[in-house]
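Chains A and B supply the protein sequences, listed in that same order.
The numbers in my numbering rise by one with no breaks, and the one at position 168 of the first sequence is 168.
For my numbering, count along the second sequence from 1 and bump the result up by 324.
A short worksheet on the structure shown next.
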Amino acid sequence: MLYPDTVEAEVLVHKPWFVATMFGVVLLVFMAFNLSGTGFAELMRPVIGEPSTSGLYGRFAIGFAIAVIFTLNVVLIGFAPLKLQIGIVWLELLLLFIAFFETFHLSLPFIREKLPFLISQGVVTTLYVSAISIVIASVVAVAGAVAKLSSNGFAYAIASFYTSFFRGLPLLMQVYLIYLGLPQLGFVINAVPAGILALSLCYGAYMTEIFRSGIQSIDRGQWEASRSMGFGFALTMRRIILPQALPVIIPPTGNQFISMLKDSSLVSVIGVWELMFLARTLGQKTFQHMEMLISAAMIYWMLSICLELIQSRIERHYARSKVR
Amino acid sequence: MSAQAIIEARAVSKWYGQFHALKDINLTVHKGERIVICGPSGSGKSTLIRCFNRLEAHQEGEIVVNGVALHGRMSNVAAVRSNVGMVFQHFNLFPHMTVLMNCMAGPMWVKGVSATEARRTALQFLERVRIPEQANKFPVQLSGGQQQRVAIARSLCMKPDVMLFDEPTSALDPEMVSEVLETMTGLARDGMTMVCVTHEMGFARAVADRVLFMDAGQIVEEGTPDAFFGNPRHDRTKLFLSQILKH
Numbered sequence: 001m002l003y004p005d006t007v008e009a010e011v012l013v014h015k016p017w018f019v020a021t022m023f024g025v026v027l028l029v030f031m032a033f034n035l036s037g038t039g040f041a042e043l044m045r046p047v048i049g050e051p052s053t054s055g056l057y058g059r060f061a062i063g064f065a066i067a068v069i070f071t072l073n074v075v076l077i078g079f080a081p082l083k084l085q086i087g088i089v090w091l092e093l094l095l096l097f098i099a100f101f102e103t104f105h106l107s108l109p110f111i112r113e114k115l116p117f118l119i120s121q122g123v124v125t126t127l128y129v130s131a132i133s134i135v136i137a138s139v140v141a142v143a144g145a146v147a148k149l150s151s152n153g154f155a156y157a158i159a160s161f162y163t164s165f166f167r168g169l170p171l172l173m174q175v176y177l178i179y180l181g182l183p184q185l186g187f188v189i190n191a192v193p194a195g196i197l198a199l200s201l202c203y204g205a206y207m208t209e210i211f212r213s214g215i216q217s218i219d220r221g222q223w224e225a226s227r228s229m230g231f232g233f234a235l236t237m238r239r240i241i242l243p244q245a246l247p248v249i250i251p252p253t254g255n256q257f258i259s260m261l262k263d264s265s266l267v268s269v270i271g272v273w274e275l276m277f278l279a280r281t282l283g284q285k286t287f288q289h290m291e292m293l294i295s296a297a298m299i300y301w302m303l304s305i306c307l308e309l310i311q312s313r314i315e316r317h318y319a320r321s322k323v324r
Numbered sequence: 325m326s327a328q329a330i331i332e333a334r335a336v337s338k339w340y341g342q343f344h345a346l347k348d349i350n351l352t353v354h355k356g357e358r359i360v361i362c363g364p365s366g367s368g369k370s371t372l373i374r375c376f377n378r379l380e381a382h383q384e385g386e387i388v389v390n391g392v393a394l395h396g397r398m399s400n401v402a403a404v405r406s407n408v409g410m411v412f413q414h415f416n417l418f419p420h421m422t423v424l425m426n427c428m429a430g431p432m433w434v435k436g437v438s439a440t441e442a443r444r445t446a447l448q449f450l451e452r453v454r455i456p457e458q459a460n461k462f463p464v465q466l467s468g469g470q471q472q473r474v475a476i477a478r479s480l481c482m483k484p485d486v487m488l489f490d491e492p493t494s495a496l497d498p499e500m501v502s503e504v505l506e507t508m509t510g511l512a513r514d515g516m517t518m519v520c521v522t523h524e525m526g527f528a529r530a531v532a533d534r535v536l537f538m539d540a541g542q543i544v545e546e547g548t549p550d551a552f553f554g555n556p557r558h559d560r561t562k563l564f565l566s567q568i569l570k571h
């Protein structure tokens, strides 16, 4: 939450100037588009007559009707308590998206037919590739962060070269480099391990920087107190510094996990049968591309929501010691 | 004094870059002795006691703590530190642990004491600093004075031979200063060896065996509290005392 000032302000969506402006903007926007061919215009037939010949008056009437509905909706939601507001707005935005997907005239039987395979093969592969990569990347990140903060020249040089290189190259290039490049050195590597390696190394590099800043955010006094009691470096790191750095590290790390889940789709280019690969290939034969792509998009979104929920749970767990 | 020396500093010098922070410091702390170090800010008093557990490294001279020399690459610094308790100006409690865990952590993780034994010791010392009822709270839920008393208890749980206090009351509200000083006075009564950097002159007068005055990295004057406060010899000491006792 932002800092709530004690000066109680009137709800923004109930201020007359805001309502008027919102009404005007919506009216203008919908007048700018010609909506006379849509179902909404059909509903307006009693008022505007034949939609296609209604001209400027028709456009105005349609825009006006939409603006009234929109404004009334926003003002009414403004009266609801916070939680309900959030729920209603989520629901309405979701309905708009479903309406948008409706316009593709997707074949639901086709989706229903292919969905089990999309999940049993695609989702499972995506999940395990991401999960393994997340674990490896986290380990790499802790080691990288410690190395980047150390006064050992070799450790610093290796870690900073690593982060610079893997943050500087496109992930797609890294996937190719590892899959096609390592065999040149004599290591023939399968597609799945190559993908996991590329994802781990790339995300390990980003997370190294996150972990480093987290560790640096801890007050010097914590190190001094810990060392002055005779704790060694590893013990101080594990028991004192990292547990305190975690609340700082978790929000950006959650970001990385979500982003990695979707970037795992890049390993489809080397033929791993994960979600994205199947979404592109399953619909090809019958030219039903959109069905599979939209299904895959929804699945990615749902998986991301799961990660978001996990993240917010962990954040709540670590808020404990900050409660007064 | 015939008692055994716990800390011995001989001709200690320390530089921060070009800045000469400690100049030729000679000081012996005997077992059971209470020493108060005072002086203007930047005079090197905190630096000096931070050298006694090697939070800072000195460049010249010799510091011997409990028979172990503290210079160069030491392999046994943890053993020295676990016998030297330190209380900081800003408490430096571990905020992610309960008060009880703060006190149990050292004995368990450094000395390998069992959890039940560590808990018993921790509660005993929390009792002694008179806040056993706060054992399961987190440090942020405590007042400054209570936090500092927890920090003292945390150090005591390690059963140290000597306690270093680095301006333990200067971050506290005036009302809370006395509760911390009472705790420290009680500790002194029980015979703990103490080196305190503090500006609490009442505490120095009541508790100290010796008072040291430092200025610009040197020990300018040292003596018993009576001699130090009653009859300071150096002009710098007189000026300092007149400033600090004016209020």
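Even glycine gets a Cβ: it sits at the ideal position worked out from N, Cα and C.
Along the length of the segment 88-129 of chain A, whole beta strand (DSSP E) runs at least 3 residues long do not occur.
One thing to note: B/Arg-405 has its Cβ within 8 Å of the Cβ of B/Asn-377. Only those residues of the segment 377-394 of chain B whose C-beta falls short of 8 Å from the nearest C-beta of chain A are listed: Asn-377, Leu-379. Between the C-alpha atoms of A/Val-19 and A/Ile-310 there is a straight-line separation of about 38 Å.
Our two residues, A/Ile-241 and A/Phe-287, have alpha carbons roughly 55 Å apart in a direct line. Contact between the segment 473-482 of chain B and the segment 449-463 of chain B is present, with at least three C-beta pairs closer than 8 Å. Taking all protein chains in view, the Cβ of B/Lys-338 is crowded by 16 or more other Cβ atoms within 10 Å, so the residue is classified as buried. A straight line joining the alpha-carbon of B/Ile-361 with that of A/Ser-138 spans about 47 Å. Secondary structure of A/Ser-151 (DSSP, three-state): coil. Judged by DSSP secondary structure, A/Trp-301 falls within the alpha helix (DSSP H) whose first and last residues are 289-318. Taking all protein chains in view, the Cβ of B/Gln-458 is crowded by 16 or more other Cβ atoms within 10 Å, so the residue is classified as buried.
As the crow flies, the alpha-carbon of B/Arg-560 is around 36 Å from that of B/Val-474. Taking C-beta atoms as the reference points, B/Val-535 and B/Val-353 fail to come closer than 8 Å. Judged by beta-carbon spacing, B/His-382 lies beyond the 8 Å limit of B/Ala-495, meaning their Cβ atoms are not closer than that value.
With 16 or more other CB atoms across the displayed protein chains lying within 10 angstroms of its CB, B/His-420 is buried. When Cβ-Cβ separations below 8 Å define contact, B/His-420 makes contact with chain A. Taking the CA atoms as reference points, B/Trp-433 sits about 39 Å from B/Ala-540. Rounded to whole angstroms, the separation of the alpha carbons of A/Ala-245 and A/Glu-42 is 59 Å.
Contact annotation: A/Ile-305 and A/Thr-253 have beta-carbon atoms that are not nearer than 8 Å. Interface annotation, B/Asn-400: not in contact with chain A, CB-CB separation never under 8 Å. Distance from A/Met-31 to A/Gly-63 at the Cβ level is roughly 4 Å; contact confirmed, criterion being Cβ atoms closer than 8 Å. Judged by their CB atoms, A/Glu-274 and A/Gly-78 are not nearer to each other than the 8 Å cut-off.
Taking a contact as a CB-CB distance under 8 Å, the pair A/Leu-171 and A/Leu-266 counts as one, their CB atoms being some 6 Å apart.
Across the structure, B/Arg-444 and A/Gly-153 are spaced so that their CA atoms are roughly 45 Å apart. At a Cβ-Cβ threshold of 8 Å, B/Met-500 and B/Gly-547 do not count as neighbours.
Counting only Cβ-Cβ distances below 7 Å, B/Ser-406 has contacts in chain A at Met-229, Gly-230, in chain order. Per the C-alpha coordinates, the member of B/Ala-512, B/Val-521, B/Gln-471, B/Thr-440 positioned closest to B/Asp-497 is B/Gln-471. In this structure A/Gly-221 does not touch B/Ala-402 by the C-beta definition: roughly 19 Å separates them, more than the 8 Å allowed.
By a beta-carbon distance limit of 8 Å, B/Thr-517 does not contact B/Lys-369. Their separation comes to about 18 Å. Between the segment 133-148 of chain A and the segment 196-212 of chain A, the count of C-beta pairs closer than 8 Å reaches three or more; the two stretches touch. When only Cα atoms are considered, B/Gly-430 and B/Ile-476 end up about 13 Å apart.
For A/Ile-250, the nearest beta carbon of chain B is not closer than 8 Å to its own beta carbon. Here DSSP, grouped into helix, strand and coil, assigns B/Phe-343 to strand. Assignment of B/Met-482 by DSSP, reduced to helix, strand and coil, places it in the coil class.
Look at B/Ile-361 here: in three-state DSSP terms it is strand. Distance from B/Phe-412 to A/Ala-225 at the Cβ level is roughly 6 Å; contact confirmed, criterion being Cβ atoms closer than 8 Å.
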